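All residue numbers for the sequence shown refer to our numbering, where the first residue is 625 and numbers rise by one. Before any comments, here is the structure.
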Amino acid sequence: MKKEVKDTIIVELGEKLKQYPHFYLVDVSGLNAERTSSLRRKCFEQKIKMVVVKNTLLNKAFEASDVDFSELYGALKGTTAVFFTETANVPAKLLKSKDVVKDGIPALKAAYAEEGFYVGADKLDELAALKSKNEVIAEIVSLLQSPAKNVVSALQSGANTIHGVLKTLGERPE
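So, in structure tokens, the structure goes:
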């Protein structure tokens with residue numbers, strides 16, 4: 625590969641590192657072309673950008689970045705695919721899904737999610753449990769709505785009870 629091509633790839637990887645707030649490093653050494661293509665389709669469906677890279681080029685992109693990715697250098701061995709994503713837990717859920725597991729996807733090498741480093745395949749469950757920004761907002765909204773719903777429900781049931789008592793009293797013979 626010519627130096628100009630390598631430099632272009634390093635710059636493109638650097639731009640992706642700035643563009644996407646989260647990424648996963650996945651070992652894809654055991655995959656043939658068919659399985660790799662299948663994995664790419666599944667990533668595309670989940671809005672994950674999958675890029676198979678040379679470790680040395682990714683390492684140089686890490687070094688050129690504003691963020692210190694030195695914790696991930698040890699994971700750059702073997703064949704590496706980078707999963708770039710906007711939502712931190714989506715790649716972890718994809719890697720844990722039965723469709724991907726049956727295709728023989730190797731374990732997670734490392735990840736950078738929610739401005740934290742996760743190194744090792746044992747961190748997959750922890751990453752899958754991360755909540756996205758939208759999930760946290762939805763949870764907060766539901767917690768805020770719950771007391772108001774209880775008050776409205778109590779008021780409505782009280783009104784129905786009073787209405788029932790008045791109706792019964794009104795129908796009573798004198």
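Virtual Cβ for every residue (Gly too), placed ideally from N, Cα, C. These figures come from a predicted structure and were not determined experimentally.
If you draw a straight line from the alpha carbon of residue 626 to that of residue 678, how long is it in whole angstroms? 14 angstroms
Keeping to the same chain, check which residues put their C-beta closer than 6 angstroms to that of residue 640; ignore five residues upstream and five downstream. 708
Which runs of the alpha helix (DSSP H) at least 4 residues long sit entirely within the region 633-671? Give them in chain order. 657-669
CA-CA distance, residue 650 and residue 697? 13 angstroms
Which of the three DSSP states is assigned to residue 712 in this structure? coil
Close Cβ partners of residue 685 (< 7 angstroms) along its chain, the five nearest in sequence each way excluded: 634, 637, 638, 641
DSSP three-state assignment for residue 731, whether helix, strand or coil: coil
Report buried or exposed for residue 764, applying the criterion of at least 16 other Cβ atoms within 10 angstroms of its Cβ. exposed
Identified DSSP bridge partners for residue 625: For residue 625, which the question treats as bridged, DSSP gives no partner whatsoever.
Tell me whether residue 691 sits in a helix, a strand or coil according to DSSP, three-state version. coil
DSSP beta-bridge partners for residue 760? Residue 760 pairs with nothing; no bridge assigned.
Which residue's Cα is closest to the Cα of residue 753: 659, 714, 646? 714
Can you tell me whether DSSP reads residue 740 as helix, strand or coil? strand
Does the distance from the C-beta atom of residue 762 to that of residue 747 stay below 8 angstroms? no
Look at residue 706 and residue 682 and say whether their C-beta atoms are less than 8 angstroms apart. yes
Separation of residue 751 from residue 668, as counted between CA atoms: 19 angstroms
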